[in-house]
Each structure stands twice: as structure tokens, then as C-alpha cells.
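Q: In this text, residue positions in the sequence shown follow the working numbering: the first is 124, and each later residue adds one.
In this text, a Cβ means the ideal position worked out from N, Cα and C, and glycines have one as well.
The structure follows.
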Amino acid sequence: MWPIFLKVLSIIGIVIGGILGVVLLLLLIFLLCPIVYKISGSAHDEKYNLKVRIHYLFGLVRAGYTYPEPGNIYAKVAWVTLYDSKGDKKGSKGSAEEETDSSDEEPDADTGNDDTEKQEPVDPYKVAEEETSSTIESKTDSSNDENGKKSRILNPIYHIKKAWENFRFKVIQKIKLIYKNISFYIKLLLHDDTQALLSTFKKQLVKIFKQLIPKTGKANVTLGMDSPDVTAYIYGAYSLLFLKKANRYVLTPDFGKKIIEGDMQIKGWFNLFGIVICALPIVFSKKLRLTKARIEKHSDNMDIAKRKASKKHDRILRELEEEYSA
Numbered sequence: 124m125w126p127i128f129l130k131v132l133s134i135i136g137i138v139i140g141g142i143l144g145v146v147l148l149l150l151l152i153f154l155l156c157p158i159v160y161k162i163s164g165s166a167h168d169e170k171y172n173l174k175v176r177i178h179y180l181f182g183l184v185r186a187g188y189t190y191p192e193p194g195n196i197y198a199k200v201a202w203v204t205l206y207d208s209k210g211d212k213k214g215s216k217g218s219a220e221e222e223t224d225s226s227d228e229e230p231d232a233d234t235g236n237d238d239t240e241k242q243e244p245v246d247p248y249k250v251a252e253e254e255t256s257s258t259i260e261s262k263t264d265s266s267n268d269e270n271g272k273k274s275r276i277l278n279p280i281y282h283i284k285k286a287w288e289n290f291r292f293k294v295i296q297k298i299k300l301i302y303k304n305i306s307f308y309i310k311l312l313l314h315d316d317t318q319a320l321l322s323t324f325k326k327q328l329v330k331i332f333k334q335l336i337p338k339t340g341k342a343n344v345t346l347g348m349d350s351p352d353v354t355a356y357i358y359g360a361y362s363l364l365f366l367k368k369a370n371r372y373v374l375t376p377d378f379g380k381k382i383i384e385g386d387m388q389i390k391g392w393f394n395l396f397g398i399v400i401c402a403l404p405i406v407f408s409k410k411l412r413l414t415k416a417r418i419e420k421h422s423d424n425m426d427i428a429k430r431k432a433s434k435k436h437d438r439i440l441r442e443l444e445e446e447y448s449a
């Protein structure tokens, strides 16, 4: 009995181990398989051409984009096309033609059943009673409204106090809440935990960008944006990321006018394992959990303060109405 039981357990263990091994192998393939991207483009005399291609899992997953207009965006898995902008445009045109054809068709004639419906007898006495009661109620409601309006008109102090309370609630109270919000986030930004979190985030983000930068290729581009400040920011980021490869990737800034001109052919690759490793110190950081808890607590306190102010405002308005409605 025991040998059979142990043999069954060993078979179950081998099957479970095999399944776990296959899952681990697939996970390692997904994480370690490189994502290859190729970008080629040119810009001369305001004529732009751009091609972007991405390959993953040894070419099983493919995506790309071409420009100029109308361009094409596609995504494929093996031989199955997940998305193709050209095919979607054709499909949308066909559906529009079908809608126009269906709209041209004449609607069917309505078949009325007015003659078949039975009309119930109407009692004239009940109708007269309902009309008199409705007229009496409308008159009483209108008289009550007129009396209320007259009483409020005769008390201008009520309108002054009500306007002051509305101004204090809608303007002064909101200014106070905005000031509390701004002061909280300034203190949070200057806190030691937040500064440490930002420094960690900056370091890991630089590592991620270094993995994403192209490995081979060349480029010679003259770039100028609408604002000189934007051009300076882009050139600063370029100098930080392509400092060691500035001889192959040449970027000439033009601070005087808006211009994009040059040629570019680059190729790079990265894997998800390196991105995950760089992101783990940020995701599992204790400083991030503390900062998130502080923000959630502050938002709860702000909601409580808003509800208290709203209840206080409603209570004051009710007291004013009770005071001046007599």
C-alpha cells in the first residue's frame, strides 16, 4: 500500500515540477528575449519620412509605423494581424456605405390599433371634483409662494446675510482649502523621505534610459523648436544620454527658428528583465509607501473639511430662513 502511495506522490510531484519548470522557462524567455527596434527617417525641404519597426520573441510579435500621411500602423502576432490602420479605414468606409444604404430604405407603415382599443366611460362628477381640487391646490401653492416672496422682499437683511454666507462658503472657504493643499504639497516635497525617493527615482530612470538608447546607427539632425527653452531642454537631454556617442549621433541645435532637417538610422534593443530590475527599487521603496500614505491621509482630511464646511453652510442658511421667514 505505502509503495503505491509513494509512487503516486512522486508522479504528482514530477508533473507539478514539470509544469512549474515550463512556466519558469516561458517567464524567462519573455523577460530575457530582447525587444529590437529600428528607426529610420529623413527630413529635407519640409518633406518628412519615418519608419519604425519593433520585433519581439524572435519576430513572432511585430509592430510598425510609417510616415508620411496617411501612414500605416500595424501589429501582428505570428501570421495573425491584430491591428492594421489601412484595413480599419477600409472597414469604416464599408460600414458607412451600409449605413447610407439602410437610411435610404423607406420605413414600414405603422399599423394602428386605435379602433381596437376600448374606451372606458368617464364620470363627469369625478372629473369636476378633480379639477376643482387641483385649482384649489395651485392657488394655495401660488399664494404661499407669493407670501414667502413678499416676506423675503420685506427683509433685505436676509438677502445681505445670505449673500455674505454664500461668498464666505464659495470663495473664502475654497481659498483656504487651496492654501492648505499648496502648503501641504510644498512641505511634502521638501520632506527628507520625498527627497530621497526623488533621488532614487532619478537614478533608476537614468538607468532605464541608458538601456533604451540605441546601440548602433548614425544620425545627423538639425533641430529647432518653437521656443528656445524647449530646444535647450532637448539638447540637454541629448547631451546627457548620448555623451559617449556624440560622434555618431550628431544633434545641432538651432535656437533662432523652428527646423527639423537631417537623416537618421538607428537600431537598439533591450529586455524586460533589465527594466523590471531597475524599477523594483522604486516600486518596493519604503519611502514611496510613506509618501503615498501621507497623500491619502491628506486627501481624507480635505474631504472631511469640505463636508464640515458644507454642513455648516446649510445649517446657517436654514437658521436665516427660519429667522426671517416669520
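Which full runs of the beta strand (DSSP E) of 3+ residues lie inside the region 312 to 357, going along the chain?
A: Whole beta strand (DSSP E) segments, 3+ residues: 339 to 347.
Q: What is the DSSP secondary structure of Leu-205, counted as helix, strand or coil?
A: Correct three-state label for Leu-205: strand.
Q: If we count the other Cβ atoms within 10 Å of its Cβ and call it buried at 16 or more, is Lys-410 buried or exposed?
A: So Lys-410 counts as buried.
Q: Please report how far the alpha carbon of Lys-431 lies from the alpha carbon of Glu-288, in whole angstroms.
A: Going by the C-alpha atoms only, they are around 15 Å apart.
Q: Determine the direct distance from the alpha carbon of Phe-307 to that of Glu-384, and round the result to whole angstroms.
A: Computed Cα separation, rounded: 46 Å.
Q: Within the continuous beta strand (DSSP E) that includes Asp-386, where are the two ends?
A: First-last of the beta strand (DSSP E) with Asp-386: 382 to 393.
Q: In terms of alpha-carbon separation, which member of Leu-180, Tyr-179, Leu-149, Leu-300 lies closest to Ile-427?
A: The shortest C-alpha separation from Ile-427 is found at Leu-300.
Q: Look at the Cβ atom of Gly-340, then the Cβ atom of Lys-293, and state whether they are nearer than 8 Å.
A: No, they are not a contact pair.
Q: In whole angstroms, what separates the C-alpha of Ile-152 from that of Trp-202?
A: Near 20 Å, if we compare the C-alpha coordinates of Trp-202 and Ile-152.
Q: Is Leu-183 helix, strand or coil when you go by DSSP?
A: Reduced to three states, the DSSP call for Leu-183 is coil.
Q: Is it the case that the Cβ atoms of Thr-323 and Pro-404 are separated by a distance below 8 Å?
A: Cβ distance < 8 Å, so Thr-323 and Pro-404 count as in contact.
Q: Have a look at Lys-310 and Thr-414 and give me their C-alpha separation to the nearest angstrom.
A: Approximately 12 Å, taken between the alpha carbons.
Q: If you follow the alpha helix (DSSP H) that Ala-428 is in, where does it begin and where does it stop?
A: 409 to 447 is the extent of the alpha helix (DSSP H) around Ala-428.
Q: Can you tell me which of Asp-386, Leu-395, His-421, Ser-408 puts its alpha carbon nearest to the alpha carbon of Asn-172?
A: Of the candidates Asp-386, Leu-395, His-421, Ser-408, the one whose C-alpha sits nearest the C-alpha of Asn-172 is Asp-386.
Q: Shortest alpha-carbon distance to Gly-194 belongs to which of Arg-185, Pro-279, Lys-174?
A: Measuring from the Cα of Gly-194, the nearest candidate turns out to be Lys-174.
Q: When the Cα atoms are used, what is the spatial distance from Pro-230 to Ala-198?
A: A caution first: Pro-230 carries a pLDDT of 47, below 50, which makes its placement in the model unreliable, though a value can still be read off. In a straight line, the C-alpha of Pro-230 is about 42 Å away from that of Ala-198.
Q: Buried or exposed for Ala-342, going by 16 or more other Cβ atoms inside 10 Å?
A: Buried is the call here.
Q: Closer than 7 Å by C-beta to Gly-396: which residues in its own chain qualify, once you throw out the five before and the five after it? Chain order, please.
A: In the sequence as displayed, the identity of residue 396 is Phe instead of Gly. Excluding sequence neighbours, Phe-396 sits near Leu-154, Leu-155.
Q: Contact between the region 418 to 427 and the region 366 to 379: three or more CB pairs below 8 Å?
A: These segments do not touch.
Q: In angstroms with no decimal places, state the Cα-to-Cα distance between Ser-422 and His-436.
A: Approximately 21 Å, taken between the alpha carbons.
Q: Just how far apart, CA to CA, sit Ile-127 and Ile-142?
A: Looking at the two C-alpha atoms, the distance is approximately 23 Å.
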